[in-house]
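K.L.:
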Amino acid sequence: AQKITQTQPGMFVQEKEAVTLDCTYDTSDQSYGLFWYKQPSSGEMIFLIYQGSYDEQNATEGRYSLNFQKARKSANLVISASQLGDSAMYFCAMSLRGGGFKTIFGAGTRLFVKA
Amino acid sequence: DAGITQSPRHKVTETGTPVTLRCHQTENHRYMYWYRQDPGHGLRLIHYSYGVKDTDKGEVSDGYSVSRSKTEDFLLTLESATSSQTSVYFCAISESGGTETQYFGPGTRLLVL
Chain A
179 AQKITQTQPG
189 MFVQEKEAVT
199 LDCTYDTSDQ
209 SYGLFWYKQP
219 SSGEMIFLIY
229 QGSYDEQNAT
239 EGRYSLNFQK
249 ARKSANLVIS
259 ASQLGDSAMY
269 FCAMSLRGGG
279 FKTIFGAGTR
289 LFVKA
Chain B
1235 DAGITQSPRH
1245 KVTETGTPVT
1255 LRCHQTENHR
1265 YMYWYRQDPG
1275 HGLRLIHYSY
1285 GVKDTDKGEV
1295 SDGYSVSRSK
1305 TEDFLLTLES
1315 ATSSQTSVYF
1325 CAISESGGTE
1335 TQYFGPGTRL
1345 LVL
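Taken in order, these protein sequences are the chains called A and B. In this text, residue positions in the first sequence follow this note's numbering: the first is 179, and each later residue adds one. In this text, residue positions in the second sequence follow this note's numbering: the first is 1235, and each later residue adds one.
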């Protein structure tokens, strides 16, 4: 079954420290995309980072990096130098190309950044 | 930021009434999507469109219909709203389908009493 699992419902991190949010996925498709979105308390969904299944390099966008381990089917988000504004809900998602179209979201991880 | 607006942003309605939510984009993207967000479920795809008049069902399409008569507009209709359709509804767009990045609108909070 195609599935996204985020095992950390909530996490705390000290300001200026790095934090890793876990995401594992399950699919038998060879072509897929992996995404992370941030949802602050205001409710909007903000795109953070994308990794294609054929990309050999880990994706990086500013303070965000995606630790892509294909054999383990994991796509963890690493936030470096956490800021208070990083406190939000974070969703991992997977899009699949084959057999029509499907995007699957995980249940999310709520990150709290402490001053 | 992608030019995506949703209207209304908030709506309260009664069980059994029809409701239409509108998504409007200025990016000329081919693909548009409707999701619902409920606690503990993340986002779930309701319907999507891959062109004018071309739509298909997503994971949770029962009780919903969609229409796309213009590239820029994608309508979601609840023919007869039920309390289980109380949710936050998000529209998203992407240039193409498959594994392309989707950009989201601000969301619509719907309460069905």
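For glycine and all other residues, C-beta sits at the position ideal for the given N, C-alpha and C. From a predicted model like this one, the values you see are computed outputs, not experimental measurements.
If I follow the unbroken beta strand (DSSP E) through K280 (chain A), where does it start and stop?
P.N.:
Per DSSP, K280 (chain A) belongs to the beta strand (DSSP E) from K280 to F283.
K.L.:
Which runs of the beta strand (DSSP E) at least 3 residues long sit entirely within the region 180-243 of chain A? Give them in chain order.
P.N.:
If we require 3 residues or more, the beta strand (DSSP E) runs fully inside the region 180-243 of chain A come out as 181-183, 188-192, 197-199, 202-204, 210-217 and 224-230.
K.L.:
At the 7 Å Cβ level, is G221 (chain A) part of the contact set with chain B, yes or no?
P.N.:
With 7 Å as the cut-off, G221 (chain A) counts as an interface residue toward chain B.
K.L.:
Contact between the region 1299-1311 of chain B and the region 1253-1261 of chain B is defined here as three or more beta-carbon pairs at a separation below 8 Å; is this criterion met?
P.N.:
Yes, the region 1299-1311 of chain B touches the region 1253-1261 of chain B.
K.L.:
Taking the alpha-carbon of L262 (chain A) as reference, which of A:A179, A:Q186 and A:E193 has the nearest alpha-carbon?
P.N.:
The residue with the shortest Cα to Cα distance from L262 (chain A) is A:E193.
K.L.:
Keeping to the same chain, check which residues put their C-beta closer than 6 Å to that of M1266 (chain B); ignore five residues upstream and five downstream.
P.N.:
So the list reads S1283, F1308 and I1327, once near-sequence residues are dropped.
K.L.:
According to the neighbour-count rule (16 or more other Cβ atoms, all chains shown, within 10 Å of its Cβ), is L184 (chain A) buried or exposed?
P.N.:
For the record, residue 184 (chain A) in the displayed sequence is Gln; it is not Leu. By the neighbour-count rule (16 or more Cβ atoms within 10 Å), Q184 (chain A) is buried.
K.L.:
Please check if any C-beta of chain B sits within less than 7 Å of the C-beta of T281 (chain A).
P.N.:
So, interface residue.
K.L.:
At the 7 Å Cβ level, is F1308 (chain B) part of the contact set with chain A, yes or no?
P.N.:
Output row for F1308 (chain B): interface = no.
K.L.:
Please name the residue, chosen from A:K251, A:E239, A:Q208 and A:D233, that lies closest to Y215 (chain A) on a Cα-to-Cα basis.
P.N.:
Checked all of A:K251, A:E239, A:Q208 and A:D233; the closest Cα to Y215 (chain A) is A:E239.
K.L.:
Indicate whether F283 (chain A) and F269 (chain A) have their beta-carbon atoms separated by less than 7 Å.
P.N.:
In this structure, F269 (chain A) lies closer than 7 Å to F283 (chain A) by Cβ.
K.L.:
Drop a sphere of 10 angstroms on the beta-carbon of V1300 (chain B), count the other beta-carbons inside from all chains shown, and report buried for 16 or more, exposed for fewer.
P.N.:
Buried: at least 16 other Cβ atoms inside 10 Å.
K.L.:
Checking contacts by CB at 7 Å: is Y228 (chain A) closer than that to chain B?
P.N.:
So yes, Y228 (chain A) belongs to the interface.
K.L.:
Output the distance between the C-alpha atoms of G1276 (chain B) and K181 (chain A), rounded to the nearest integer angstrom.
P.N.:
About 12 Å.
K.L.:
Between the Cα of R1264 (chain B) and those of B:V1346, B:T1342 and B:R1302, spot the shortest distance and give me the residue it belongs to.
P.N.:
Taking only the C-alpha atoms, the option nearest R1264 (chain B) is B:R1302.
K.L.:
With DSSP as the reference, label Q1271 (chain B) as helix, strand or coil.
P.N.:
Strand.
K.L.:
Distance, Cα to Cα, F190 (chain A) vs S1330 (chain B)?
P.N.:
When rounded, the distance between both Cα atoms is 37 Å.
K.L.:
Establish whether the CB of F225 (chain A) and some CB of chain B are separated by less than 7 Å.
P.N.:
Answer yes: the Cβ-Cβ gap between F225 (chain A) and chain B drops below 7 Å somewhere.
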